[in-house]
Every structure is written in C-alpha cells, then in structure tokens.
Amino acid sequence: MRAALLGLLLSFAAGIANAADTPQSVVGIWYGRGQPVDEREDFIDHFRADGSFVSFFRKYEKCELQWQFSQTGHWRLEGLTLITNVKTAAGKPVARMERYGVEFTAPRELHVRHIETNYLFRMRRQENYRFPLCEPGV
Numbered sequence: 026m027r028a029a030l031l032g033l034l035l036s037f038a039a040g041i042a043n044a045a046d047t048p049q050s051v052v053g054i055w056y057g058r059g060q061p062v063d064e065r066e067d068f069i070d071h072f073r074a075d076g077s078f079v080s081f082f083r084k085y086e087k088c089e090l091q092w093q094f095s096q097t098g099h100w101r102l103e104g105l106t107l108i109t110n111v112k113t114a115a116g117k118p119v120a121r122m123e124r125y126g127v128e129f130t131a132p133r134e135l136h137v138r139h140i141e142t143n144y145l146f147r148m149r150r151q152e153n154y155r156f157p158l159c160e161p162g163v
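My numbering runs 25 ahead of the 1-based position in the sequence shown.
Below, the structure is given as structure tokens:
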C-alpha cells in the first residue's frame, strides 16, 4: 500500500513539474470566470505555440452583455512563472507586463496566481472561443 501511494504521489508530482515546465502545457484556448475586481467577469485566453496570445473579456448582468473587450500580446514561461506582455487592449496600444505563478496544470485545467494581486485564476481548456450561455440571475 505504501509503495502504491508513493508511486501515485511521485507520478502526480512529476506530471505537475513536467507540465508546468513545458510551454506546450499552456498552449491552447482556456476559459475562466473571475477577475481581481469582479468575480462575475468571463474570459477566454488563447495562448498560441508561437508565443502570442489573445484574450477576450465579457461581463453580463441578468443575461445582458454589459461590456466586452480584448487584448493581445506575447507570453512565455520562466520556470513556474507565466509572463504576459500585453501589447494592445481594447484595440489601443499598451505596454504592460503581468506575472502569474503556475500552481496547477492538467490536460484540461490550469491554475495560475497573479503575483501582484495574489488572485487565483482557475481555467479549463476549451476547443473553441465559445463563452458559456448566460444563466438567468447572473
């Protein structure tokens, strides 16, 4: 039993270390809900293999779209730190760097903590850019 538990723990730890250290683990389309200033914001991040990204943000109230915008830039991993360099936001040029500690990776899940605000982003892998349907009362 101890050997089986040890084997499970070692494979789990190796999976996290390998995934977090590999840029491929971040490549893809990710959906999440919540931002440091508003837990009700939805977002989709598309991290491309060439190091570029595009992010889409939306906010609904009672199933009415309140606002939406996008941002673009470049990303990279440095150890267990995901760094994004935002180049445009809402179609306007910006120069902003954001740093996130990678806390958990799995084939369909990614958790990163924004270093400046300590906010934990929980994302799940998507096959496309589809936001979930609005839920009444949200």
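A virtual CB, placed ideally from N, CA and C, is assigned to each residue, including glycine.
- Between residue 147 and residue 136, the gap from beta carbon to beta carbon is short of 8 Å.
- Listed in chain order, the beta strand (DSSP E) runs fully inside the region 61 to 89 are 63 to 72 and 77 to 86, counting runs of at least 3 residues.
- Taking the C-beta atoms as reference points, residue 77 is found no nearer than 8 Å to residue 96.
- With a cut-off of 8 Å on Cβ pairs, the region 51 to 71 is in contact with the region 80 to 94, counting three or more such pairs.
- Annotation: the continuous beta strand (DSSP E) that includes residue 110 extends over 106 to 114.
- The Cβ atoms of residue 152 and residue 138 lie no closer than 8 Å to each other.
- Inclusion of residue 100 and residue 90 in the CB contact set at 8 Å is not warranted, their separation being larger than that value.
- Shortest Cα-Cα distance from residue 110 to any of 117, 103, 98 and 86 involves 98.
- In the DSSP assignment, residue 146 falls within the unbroken beta strand (DSSP E) covering 145 to 151.
- Taking every protein chain shown into account, the CB of residue 142 has fewer than 16 other CB atoms within 10 angstroms, so this residue is exposed.
- Between residue 155 and residue 55 a beta carbon distance of about 13 Å is seen, past the 8 Å cut, so the two are scored as non-contacting.
- Residue 52: not part of any beta strand (DSSP E); DSSP gives it neither H nor E.
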